[in-house]
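Shown next, in structure tokens, is the structure this report addresses.
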């Protein structure tokens, strides 16, 4: 079976393709992305794909008039190229994970009558996915009860390391591999109080901030595990009894799978405020907390540290389904 995968620009989109393709080892896979964004870094040398194509595209949203005209012109040209690729590869289904790099191939699939399956990572649906949804054969979202699959595609290691938390002995601060200034500042503000309470600190400060943040902890006389990018994220999450984190989709679902209760601080400039709505999905089910970056309240956060985490941790374990990537792979095979 010939399956074409498309979309990306950022790791949040691309990680879905990576997770799903691990369950499609017998199929002929083709990837179509963009010359911009992270697509080439992720998949240019990936040998599981029979072919990879990177078309000249750029986002249309947040562009001025001339930028929009240029983007649409590039999109039309790239859509014609994608049509040719889909025809030559005899594609039987197209899997779209959103992002501007998915547009040409998704439009090409619709014009050729090739089934389109969309995965939406966020609670606030992205512009392209919103536009394409009515034409899709299947629309997958972990935030919608009517979705054919609600399990989010994350690695099984997060489920395998899941445990019920009770008293907070270790806290993890997660600002992503690039770091988050607000979370770094909050962590350092809380650090003396955490030391008083004998709470250990694990802190993802961002690659560029490791030295500065580590020095700040040393000046405070506080031991902390500080890192940027890591392949041991699941192990760090496993050690933690409580997290303070951004609410990008991957981070949110990984923390949920590992059953770690979390205070989410959404990135305030995310498209359509999607990080806020991602976190709100869990807050509405009483398994997480949320604070806007502009409304951080250290006193309230300190009060949270004395709460028993058991109830939320147990709820997370029962809420989150595993094998999302496998279920999506099976759906693609059965379209």
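Numbering (my numbering), first residue to last: -11 to 323.
Yeah, the Cβ is synthetic: ideal placement off N, Cα and C, and Gly gets one too.
Owing to the predicted nature of the structure, the values given are computational and were not obtained by experimental measurement.
Taking a cut-off of 8 Å on C-beta distances, the region 118 to 135 does not touch the region 276 to 290, as fewer than three cross pairs fall below it.
Secondary structure of residue 104 (DSSP, three-state): strand. Across the structure, residue 95 and residue -11 are spaced so that their CA atoms are roughly 21 Å apart.
DSSP places residue 308 outside both helix and strand once states are collapsed to three, so it counts as coil. Scanning its chain for C-beta atoms nearer than 6 Å, with the 5 sequence neighbours on each side dropped, one finds around residue 15 the residues -11 and -9, in chain order.
Three or more beta-carbon pairs separated by less than 8 Å are not found between the region 260 to 267 and the region 181 to 196, which leaves the two stretches without contact. In this structure, the CA atom of residue 119 is about 13 Å from the CA atom of residue 85. By the 16-neighbour rule on beta-carbons within 10 angstroms, residue 177 is exposed.
Excluding the 5 residues flanking it on each side, residue 114 has same chain C-beta neighbours closer than 8 Å at 86, 87, 108, 259, 260 and 262, in chain order. Residue 124 sits close to residue 106, with the two beta carbons spaced by under 8 Å.
Secondary structure note for residue 158: its beta strand (DSSP E) is the uninterrupted segment 158 to 162.
Within the region 229 to 317, the complete alpha helix (DSSP H) segments of 4 residues or longer fall at 237 to 245, 262 to 271, 286 to 292 and 298 to 307, listed in chain order. Taking 8 Å as the cut-off, the Cβ atoms of residue 266 and residue 235 count as close. Here residue 241 is near residue 142, since their CB atoms are less than 8 Å apart.
DSSP places residue 130 outside both helix and strand once states are collapsed to three, so it counts as coil. For residue -11, the three-state secondary structure derived from DSSP is coil. Rounded to the nearest angstrom, the gap between the Cα atoms of residue 91 and residue 255 is 25 Å. In this structure the region 306 to 316 lies against the region 138 to 152, because at least three pairs of beta carbons, one per stretch, are closer than 8 Å. With contacts defined as CB atoms closer than 8 Å, residue 0 and residue 27 fail to qualify as a contacting pair.
In this structure, the alpha-carbon of residue 320 lies about 35 Å from that of residue 253. In this chain, residue 3 is not harboured by any beta strand (DSSP E); it is covered by the alpha helix (DSSP H) spanning -1 to 9.
Residues 111 and 131 of the same chain have their beta carbon placed closer than 6 Å to that of residue 269, with the five preceding and five following residues left out of the count.
For residue 38, no alpha helix (DSSP H) run applies; the uninterrupted beta strand (DSSP E) run containing it begins and ends at 37 to 43, by DSSP.
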